[in-house]
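Sequence order for the protein chains is E and S. Take 80 as the starting number for the first sequence in this note's numbering and just add one per residue. Take 80 as the starting number for the second sequence in this note's numbering and just add one per residue.
Number of protein chains: 2
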Amino acid sequence: MSCSQTGIGLAGFGTVGSGVWKIIERNGGLIGSRSQGDVSLAIRKICVRDLSKKRDVDAPDELFTTDLMEVVNDPSVDIVVELIGGTDAAFDLVAAALRAKKPVVTGNKALLAERGAELFAISAEMETSIHFEAAVAGGIPIIKAVQESLIGNQIEDIVGIINGTSNYILMRMTEAGLGYPEALKEAKDLGYAEADETLDVNGWDAAHKAILLGSLAHGFLIDPTQVYVRGIEKVTPLDISFASDLGYVVKLLSFVRLRDNGAVEIRTQPSFISKTHILASVNGVFNAVAVKGDGLGDSLFYGRGAGQEPTASSAISDLAEAARSMRHADSNRGFLPYRTDGQLVPIDETETSYYVRFSVKDQPGVIAEIASLLAQHEIGISGTHSPVDADNPDAEFVEMVFLLHSCPFGKLKGALTKVEELDCLTARPVVFRIEKI
Amino acid sequence: MSCSQTGIGLAGFGTVGSGVWKIIERNGGLIGSRSQGDVSLAIRKICVRDLSKKRDVDAPDELFTTDLMEVVNDPSVDIVVELIGGTDAAFDLVAAALRAKKPVVTGNKALLAERGAELFAISAEMETSIHFEAAVAGGIPIIKAVQESLIGNQIEDIVGIINGTSNYILMRMTEAGLGYPEALKEAKDLGYAEADETLDVNGWDAAHKAILLGSLAHGFLIDPTQVYVRGIEKVTPLDISFASDLGYVVKLLSFVRLRDNGAVEIRTQPSFISKTHILASVNGVFNAVAVKGDGLGDSLFYGRGAGQEPTASSAISDLAEAARSMRHADSNRGFLPYRTDGQLVPIDETETSYYVRFSVKDQPGVIAEIASLLAQHEIGISGTHSPVDADNPDAEFVEMVFLLHSCPFGKLKGALTKVEELDCLTARPVVFRIEKI
């Protein structure tokens with residue numbers, strides 16, 4: 080049993096940072112025991128923006144600094160934990176830590192998804208690892224599962240509910256029939272949404288995580304500008320209600336799917352899935368990631384996707400890993416890209432079936448017009464849904480839903496461009512993919 | 080990138096062993112890439128009982144032997160994979176491998192649960208690791224999750240469906256109303272049950288896995304003779320049907336639960352859980368393990384609990400881990416017990432609510448007699464259930480179900496001993512725990 084401690088520098092001491100402090104304080108001894116004495120974590124520097132801010136943990140004053148680089152440069156710090164968010168100062172910090180040969184633990188999905196190419200290059204050059212379990216799906220150990228447990232698997236499919244805020248909002252819209260603005264407000268009131276909710280609801284938070292999972296699973300860096308991302312801001316109670324009529328729920332789903340030709344389909348968008356699918360019952364701020372490996376088959380990982388201690392629990396797991404690796408001269412256990420020939424599937428070539436809602440004028444021939452345009456584009460209709468308002472059977476505008484057979488998204492777009500030219504349409508068609516998973 | 084290979088000796092070349100071969104053959108290159116060139120696995124010796132047996136993989140004849148010790152002694156073998164089962168020859172093999180400083184990968188839960196004390200002692204003495212991801216829940220990476228990902232957590236609760244055979248049988252009894260013998264026969268016909276199904280259906284296979292999870296989570300070796308284990312052999316369609324009437328399903332559940340006083344409650348038995356709990360929807364031969372950590376909160380791990388490639392996928396993950404560790408002078412990443420002061424909760428002190436079915440003579444005063452005996456023992460009744468046979472309202476024997484408030488199991492047993500003395504009983508009471516999880 081070794082007793083020497085590993086010094087931690089915390090950059091950022093908000094929710095997750097103080098969670099790391101709490102867990103080390105409460106379970107530090109347990110961590111030592113469970114690691115056979117290999118891991119003894121000591122926080123030695125904490126960088127905050129405002130020294131005077133009241134905090135809910137009792138860390139000694141002398142640990143605090145407002146100078147980010149002190150977290151890297153302090154000689155008693157062996158590992159740097161980046162929890163400041165953003166992609167500029169965080170980049171400089173992580174790069175400096177790696178150049179100082181100090182492993183980095185980060186929860187910053189945006190940083191790695193947007194600037195991973197630069198950082199992984201420095202990581203490789205310096206033989207110093209970046210650990211990011213806390214960046215994807217909070218407390219769920221999906222990074223370790225994909226990178227280590229499934230190392231023997233070709234990872235055929237990853238489908239995730241990996242943004243708790245969106246999932247909460249969609250759940251409330253489904254359960255209580257709330258509109259998007261009301262559900263968002265409720266999420267904010269409960270602390271489930273950030274003051275600036277943009278990245279949560281526009282899909283990019285989930286997409287950043289999917290990009291990281293895609294890189295881990297398939298070994299190449301994924302260009303975020305090539306990833307198709309749609310958020311939940313335009314989802315309406317009407318479509319959620321129609322989805323339910325048809326046996327589906329609407330979830331913000333992220334896909335990383337290996338195609339037969341070796342290209343990877345990666346996208347994030349609100350989608351229909353069957354009410355009976357296990358992912359349909361992932362509610363509230365929980366996250367879940369379904370992974371299919373060619374050896375393992377189907378698996379699912381479920382847990383809290385955010386929150387103080389769940390996310391800190393992942394950071395602690397990374398810290399233990401990094402501390403062990405340092406002690407055992409295992410210079411780099413972190414992820415590094417290993418391919419440069421990875422290909423993404425263009426979104427127009429991705430195939431699913433679809434739900435398309437047309438807002439149309441109630442006039443003779445409307446259905447025939449739309450149906451024949453779809454037929455001209457060789458798009459098959461598997462069903463229709465157009466509930467009649469029992470109280471107002473003569474209403475002038477109607478909602479007409481077509482369920483369409485599987486076809487490439489580009490083909491659907493081509494057909495819809497033509498449909499949009501029809502006079503009978505009163506709004507742009509609303510499209511959801513129907514996912515078979 | 081390093082290219083030197085790690086030599087594997089396979090003891091046992093049945094379902095899982097040939098799965099290991101297949102995965103290395105198919106994905107060996109991928110494993111190398113994903114491990115940054117650290118892991119290159121080569122199978123160099125295979126021990127089988129019968130050299131002439133036809134096999135579904137094309138391994139060269141010169142690899143085969145019938146001498147177990149050759150797998151250990153061959154100088155080209157660096158890591159020994161034990162897949163022969165049983166606790167005698169397997170023990171000798173694993174002990175010999177560890178003494179030769181060759182890490183061991185095993186899928187043998189019985190061996191580790193029954194003789195772990197001896198083997199972990201040799202592992203510690205020789206600083207050579209035992210890896211057993213394949214021993215618990217097949218392809219689900221629950222060992223790594225508990226040991227590494229949750230290292231910062233006090234693990235408060237583990238509830239698992241960890242025997243696929245039992246789960247399949249109970250599912251068929253529930254879905255199709257089959258009796259136990261018919262459902263067992265079906266499981267055998269489908270290859271879901273071994274020729275000798277004893278350990279699967281008597282609960283011990285699941286209990287062995289729970290014992291390993293308990294040791295991992297709480298750091299001490301658990302004496303199997305102190306663990307309460309009941310199987311599914313006596314579960315009847317009648318109780319499954321009554322469970323359903325009451326909103327429950329019957330599952331073979333294994334618990335590892337930390338009590339406030341630090342003692343650990345560990346048991347395996349068929350139990351009632353609410354139909355709405357996520358574990359209730361784990362069907363067929365799938366396994367699931369729900370884990371609650373004090374930091375992480377609730378999580379769930381779901382996947383195939385058996386089968387060729389899922390289990391081999393776990394063995395490969397262990398092989399990669401062991402190979403990496405050997406390469407990086409990280410002498411022991413495997414589990415070792417770290418406490419000798421662990422306490423188990425005596426089964427009589429474990430508390431749940433209960434379903435108790437009494438087969439009684441249909442005579443006046445029966446309910447009053449049972450209810451007053453329960454009252455004398457201060458056991459509260461929360462409900463009753465006694466369906467009347469609509470076609471035969473005057474039937475002589477009736478089934479009378481009492482739902483009982485939470486109390487220690489010992490107290491219930493004491494009361495039931497008295498109830499059994501009543502003349503009106505025609506059979507011993509049938510008890511199921513109702514689990515709140």
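All residues carry an ideal CB built from backbone N, CA and C; glycine is no exception.
Proximity test, Cβ basis, 9 Å: residue i and chain E
| i | result |
| --- | --- |
| residue 381(S) | yes |
| residue 136(S) | no |
| residue 96(S) | no |
| residue 388(S) | yes |
| residue 218(S) | yes |
| residue 103(S) | yes |
| residue 223(S) | yes |
| residue 113(S) | yes |
| residue 377(S) | yes |
| residue 506(S) | no |
| residue 81(S) | For residue 81(S), the predicted model reports a pLDDT of 46, less than 50, meaning its position is unreliable; a value from the coordinates is still stated below. No, its Cβ sits nowhere closer than 9 Å to a Cβ of chain E. |
| residue 74(S) | Outside the shown range of chain S, which is 80 to 516, sits residue 74(S), and nothing can be said about it. |
| residue 155(S) | no |
Residue-chain proximity (residue i, chain S), Cβ-Cβ < 9 Å
| i | result |
| --- | --- |
| residue 415(E) | yes |
| residue 232(E) | yes |
| residue 292(E) | no |
| residue 391(E) | yes |
| residue 373(E) | yes |
| residue 446(E) | no |
| residue 118(E) | yes |
| residue 204(E) | no |
| residue 430(E) | no |
| residue 226(E) | yes |
CB contact check: residue i to chain C, cutoff 9 Å
| i | result |
| --- | --- |
| residue 396(S) | In the structure shown, chain C does not exist; the protein chains are E and S. |
DSSP beta-bridge partners of residue i
| i | result |
| --- | --- |
| residue 144(E) | 126(E) |
| residue 348(S) | 332(S) |
| residue 353(S) | 327(S) |
| residue 210(E) | 184(E) |
| residue 105(E) | In DSSP, residue 105(E) forms no bridge with anything. |
| residue 430(S) | 487(S) |
| residue 513(S) | 351(S) and 432(S) |
| residue 337(S) | 343(S) |
DSSP-derived helix/strand/coil call for residue i
| i | result |
| --- | --- |
| residue 507(S) | coil |
| residue 162(E) | coil |
| residue 419(E) | coil |
| residue 238(S) | strand |
| residue 81(S) | Note that residue 81(S) scores a pLDDT of 46, beneath 50, so its modelled location is shaky; the value from the coordinates is reported in the next line. Looking at residue 81(S) - three-state DSSP - the assignment turns out to be coil, as it is neither helix nor strand. |
| residue 501(E) | coil |
| residue 390(S) | helix |
| residue 475(S) | coil |
| residue 117(E) | coil |
| residue 219(E) | coil |
| residue 90(E) | strand |
| residue 438(S) | strand |
| residue 280(S) | helix |
| residue 308(S) | strand |
| residue 300(S) | coil |
| residue 481(E) | strand |
| residue 273(E) | coil |
Status (buried if at least 16 other CB within 10 Å, exposed otherwise) for residue i
| i | result |
| --- | --- |
| residue 157(S) | buried |
| residue 81(E) | Interpretation of residue 81(E) is limited by its pLDDT of 46, a score under 50 that renders its predicted location unreliable; no figure is taken from the coordinates. |
| residue 286(E) | buried |
| residue 251(E) | buried |
| residue 354(E) | exposed |
First and last residue of the uninterrupted alpha helix (DSSP H) at residue i
| i | result |
| --- | --- |
| residue 366(E) | No alpha helix (DSSP H) contains residue 366(E), which is instead part of the beta strand (DSSP E) from 365-372. |
| residue 254(S) | 243-255 |
| residue 464(S) | From DSSP, residue 464(S) is part of no alpha helix (DSSP H) but of the beta strand (DSSP E) over 460-464. |
| residue 178(E) | 168-178 |
| residue 467(E) | Here residue 467(E) belongs to no alpha helix (DSSP H), and DSSP marks it neither H nor E. |
Near the ligand ZN: residue i beta-carbon under 8 Å from a heavy atom
| i | result |
| --- | --- |
| residue 197(E) | As far as ligands go, the structure on display features none, and thus does not contain the ligand ZN. |
For residue i, the first and last residue of its enclosing beta strand (DSSP E)
| i | result |
| --- | --- |
| residue 48(E) | For residue 48(E) there is no data in the structure shown, the boundaries of chain E being 80 and 516. |
| residue 379(S) | 376-383 |
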